[in-house]
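Engineer: Input: one structure, supplied below.
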Amino acid sequence: MTVEQILEALRSVQEPELKNNLVKLNLARNIRIFGDRVQLTVMLFSEDSPHREKLKQEVTKALKQAGAQEVDLDFEVLSKKEQEILAERIRKEHQEKVRAKRAGGRTPLQQEDPKPSLLSEDSDTVFISVASGKGGVGKSTVTVNLAVALAREGKRVGVIDADIYGFSVPDMMGITERPAVVNKTIYPVERFGVKVISMGFFVEENAPVIWRGPMLGKMLRNFFQEVEWGELDYVILDLPPGTGDVALDVHQMLPRSRELLVTTPHATAAFVAARAGAMALHTKHRILGVVENMAYYQCASCGNKDYVFGRGGGEKLADELNTDLLVQIPLGAPENGNPGDPDFSPSVYGSETSTGQLYRDLARKVMERV
Ligand SMILES: Nc1ncnc2c1ncn2[C@@H]1O[C@H](COP(=O)(O)OP(=O)(O)O)[C@@H](O)[C@H]1O
Ligand SMILES: [Mg+2]
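The numbering of the sequence shown is this note's numbering, which starts it at 1196 and goes up by one.
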């Protein structure tokens, strides 16, 4: 079975109260396919929803008709924030409907696959480009964890993995699926509440980097136009490192984007990052701030901080760009189980870990600043 077939089947299932299908309402999540066994989570509006049984029967029936032998369904309840967001969306759509009725037209919900354009002038989506002067400083790690932290705060978040030299976001988040494509519309893969699109989903594993460059601009445009993102509060972009043509292209395509710069504490790294920052200023991107990654190593038994990669790089960079050092992330990889576990993700820090909390602080600062 393919995700595509599954999504189509789920589109035939209505949420009884909200009167719309599970896909459109984004209530079917964590879809996983193991041969002809399908696993998924259906989100309920409230703990005491009277529709559990009905939904279970209908989803199971639809998926079996689509070819699944076994359906493994569990329920989760939307967080308060998500409830509010959905309620707000339904309220808006209802208003539209009333308005359309008066005007005798069709409502947005009746139209087939509306294609929201994140790039349109009146979109409220905030773009954040994560940039660094060079590779290996933790740009992708910061992208992924900032996105997850914003989602944990109840925001609707998308990630675009546009680092053509090494798309790593799917692996870092433990994503094994590929996006579904229905009638030319691409559906991002959702993981930890974040919608993800990666160049890596579409480029052949060993394709030479040399022709990836020219393709990037075109693909990015497609990511905005042909991907059904739904409504998003934030889109975080993992950009190629440095200040090459490719990065410049992206900068020009997203004039509204804010820039988050990642550096290590080493003085040279900060110097290199400053060039990327200077370009952001040049292209009139607003700089959100600086993240210093691998800032120190904290001894687990004595709590002492060891500044193994030097000190001051983040501060220096922030000074140079007239912005602030938002957070210092220590060295240390997350502990997230083993490949195959449902929550396995090599690079996402748990919300309760000390680094997870630093990312939560970062997310809150970002929310304040935009
Ligand atoms: N704070 C950190 N502590 C330990 N390892 C880290 C940290 N941040 C990143 N890493 C690791 O360093 C490597 C490079 O990070 P990555 O996010 O891929 O950098 P970039 O995207 O800038 O190339 C990865 O293996 C990543 O897991
Ligand atoms: Mg990277």
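Note that CB positions come from ideal geometry on N, CA and C, so glycine has one too.
Keep in mind that this is a model prediction, so the values were computed, not measured.
Tell me, to the nearest whole angstrom, how far the beta carbon of R1453 is from that of I1323; I am working on the premise that it is less than 8 Å.
Structural biologist: What you label residue 1453 is simply residue 258 of the sequence shown in a count that begins at 1. What you label residue 1323 is simply residue 128 of the sequence shown in a count that begins at 1. Going by Cβ atoms, the distance from R1453 to I1323 rounds to 5 Å, so yes, they are a contact pair.
Engineer: Say the cut is 6 Å; is the CB of G1588 nearer than that to a heavy atom of ligand 1?
Structural biologist: Outside the modelled stretch of the chain, which goes from 1196 to 1565, sits residue 1588, for which no answer is possible.
Engineer: Going by C-alpha distance, which of E1487, E1199, Q1252, E1203 is nearest P1211?
Structural biologist: Position 16 of the sequence shown holds residue 1211. It is Q1252 whose Cα lies nearest to the Cα of P1211.
Engineer: On the three-state DSSP scale, how would you describe T1458?
Structural biologist: In the sequence shown, residue 1458 corresponds to position 263, counting from 1. In the three-state reduction of the DSSP assignment, T1458 falls in the strand class.
Engineer: Tell me, please, which residues DSSP counts as bridged to T1380.
Structural biologist: Here residue 1380 refers to the residue found at position 185 when the sequence shown is read from its first residue. Its beta-bridge partners are V1377.
Engineer: Between which two residues does the alpha helix (DSSP H) carrying Y1554 extend?
Structural biologist: Against the sequence shown, residue 1554 aligns to sequence position 359. Here the alpha helix (DSSP H) through Y1554 covers 1549 to 1564.
Engineer: Using a Cβ-Cβ cut-off of 7 Å, state whether N1533 counts as contacting chain C.
Structural biologist: The chain labelled as chain C is not found in the depicted structure, where only one protein chain is given.
Engineer: Hey, out of M1562, S1207, A1495, whose CA is closest to K1256's CA?
Structural biologist: Position 61 of the sequence shown holds residue 1256. Nearest C-alpha to K1256: S1207.
Engineer: Quick check: what's the CA-CA separation for V1233 versus G1472?
Structural biologist: Translated into positions along the sequence shown, residue 1233 becomes position 38. Translated into positions along the sequence shown, residue 1472 becomes position 277. Cα to Cα, V1233 sits roughly 46 Å from G1472.
Engineer: State the DSSP-derived secondary structure class of M1394, mapped to helix, strand or coil.
Structural biologist: Locating residue 1394 in the sequence shown gives position 199, counting from the first residue. Note: M1394 maps to helix in three-state DSSP.
Engineer: What is the DSSP secondary structure of R1206, counted as helix, strand or coil?
Structural biologist: In the sequence shown, counting from the first residue as 1, residue 1206 sits at position 11. In this structure, R1206 counts as coil in the three-state DSSP scheme.
Engineer: For a test of the three-state rule: what should DSSP assign to E1385, helix, strand or coil?
Structural biologist: As a working mapping, residue 1385 is identified with position 190 in the sequence shown. Three-state DSSP puts E1385 in a strand.
Engineer: With hydrogens ignored, establish whether the beta-carbon of G1395 is closer than 6 Å to any heavy atom of ligand 1.
Structural biologist: The count along the sequence shown starts at 1 and reaches residue 1395 at position 200. No, ligand 1 has no heavy atom inside 6 Å of this Cβ.
Engineer: Closer than 6 Å to a non-hydrogen atom of ligand 1 - does that hold for the CB of M1489?
Structural biologist: As a position in the sequence shown, residue 1489 is number 294, starting the count at 1. Yes, the beta carbon of M1489 sits closer than 6 Å to at least one heavy atom of ligand 1.
Engineer: Using only the heavy atoms of ligand 1, determine whether one of them is closer than 6 Å to the beta carbon of G1330.
Structural biologist: Residue mapping note: residue 1330 aligns to position 135 of the sequence shown, counting from 1. Within the cutoff, so yes.
Engineer: Report buried or exposed for T1550, applying the criterion of at least 16 other Cβ atoms within 10 angstroms of its Cβ.
Structural biologist: Within the sequence shown, the letter at position 355 stands for residue 1550. That one is buried.
Engineer: Find the nearest neighbour of L1202 within the set S1244, K1214, A1261, R1247, judged by alpha-carbon distance.
Structural biologist: Translated into the one-based positions of the sequence shown, residue 1202 becomes position 7. For L1202, the nearest C-alpha among the options comes from A1261.
Engineer: Is the CB-CB distance between I1431 and V1354 below 7 Å?
Structural biologist: Numbered from its first residue, the sequence shown carries residue 1431 at position 236. Numbered from its first residue, the sequence shown carries residue 1354 at position 159. With respect to V1354, I1431 sits close: the two C-beta atoms are nearer than 7 Å.
Engineer: Just grab the DSSP bridge partners of I1447 for me.
Structural biologist: Mapped onto the sequence shown, residue 1447 falls at position 252. A small fix is needed here, since residue 1447 is Gln in this sequence, not Ile. Per DSSP, none; premise fails for Q1447.
Engineer: Kindly provide the ranges of any beta strand (DSSP E) runs that are 3 or more residues long and lie completely inside the stretch 1517 to 1551, ordered along the chain.
Structural biologist: 1520 to 1524
Engineer: Would you check whether ligand 2 has a heavy atom nearer than 6 Å to the C-beta of S1363?
Structural biologist: In the sequence shown, counting from the first residue as 1, residue 1363 sits at position 168. Result yes, Cβ under 6 Å from ligand 2.
Engineer: To test your reading of the DSSP string, which unbroken alpha helix (DSSP H) runs of 4 or more residues are found completely within the stretch 1197 to 1241?
Structural biologist: 1198 to 1205
Engineer: Determine, using beta carbons only, whether A1144 and V1198 come nearer to each other than 7 Å.
Structural biologist: As shown, the chain starts at 1196 and ends at 1565. That puts residue 1144 outside it, with no answer to give.
Engineer: For G1333 and A1528, I'd like the C-alpha separation in whole angstroms.
Structural biologist: Translated into positions along the sequence shown, residue 1333 becomes position 138. Translated into positions along the sequence shown, residue 1528 becomes position 333. If you take the alpha carbons of G1333 and A1528, they lie about 11 Å apart.
Engineer: Measure the alpha-carbon distance for Y1544 versus T1338 and round it to whole angstroms.
Structural biologist: By one-based count along the sequence shown, residue 1544 stands at place 349. By one-based count along the sequence shown, residue 1338 stands at place 143. Using only the alpha carbons, I get a separation of about 12 Å.
Engineer: Look at the alpha carbon of N1533 and the alpha carbon of S1540, and state the distance between them as a whole number of angstroms.
Structural biologist: The count along the sequence shown starts at 1 and reaches residue 1533 at position 338. The count along the sequence shown starts at 1 and reaches residue 1540 at position 345. When rounded, the separation of the alpha-carbon atoms in N1533 and S1540 is 8 Å.
Engineer: Is A1357 helix, strand or coil by DSSP?
Structural biologist: Numbered from 1 along the sequence shown, position 162 holds the residue referred to as residue 1357. Note: A1357 maps to coil in three-state DSSP.
Engineer: Suppose the cutoff is 8 Å on Cβ atoms and the five residues either side in sequence are ignored; what does the same chain contact list for A1346 look like?
Structural biologist: Residue numbering aside, residue 1346 sits at position 151 when the sequence shown is read from its first letter. V1352, F1387, G1388, V1389, listed in sequence order.
Engineer: Under a three-way DSSP split, which group does S1324 fall into?
Structural biologist: Position 129 of the sequence shown, counted from the start, is the residue given in the question as residue 1324. Note: S1324 maps to strand in three-state DSSP.
Engineer: Suppose contacts are defined by Cβ-Cβ distances below 7 Å. Is F1419 in contact with S1393 by that definition?
Structural biologist: The residue you call residue 1419 lines up with position 224 of the sequence shown. The residue you call residue 1393 lines up with position 198 of the sequence shown. No.
Engineer: Looking only at C-alpha atoms, which of Y1502, V1218, R1481, N1488 sits nearest to K1329?
Structural biologist: Along the sequence shown, read from residue 1 onward, the residue named residue 1329 stands at position 134. Measuring from the Cα of K1329, the nearest candidate turns out to be N1488.
Engineer: Secondary structure at F1504, three-state DSSP: helix, strand or coil?
Structural biologist: Position 309 of the sequence shown, counting from 1, holds the residue named residue 1504. The answer is coil: DSSP assigns F1504 none of H, G, I, E or B.
Engineer: Rounded to a whole number of angstroms, what is the C-alpha to C-alpha distance between N1499 and Q1493?
Structural biologist: Locating residue 1499 in the sequence shown gives position 304, counting from the first residue. Locating residue 1493 in the sequence shown gives position 298, counting from the first residue. In a straight line, the C-alpha of N1499 is about 6 Å away from that of Q1493.
Engineer: From S1327 to S1241, what does the alpha carbon distance come to, in whole angstroms?
Structural biologist: The residue you call residue 1327 lines up with position 132 of the sequence shown. The residue you call residue 1241 lines up with position 46 of the sequence shown. Cα-Cα distance, rounded: 42 Å.
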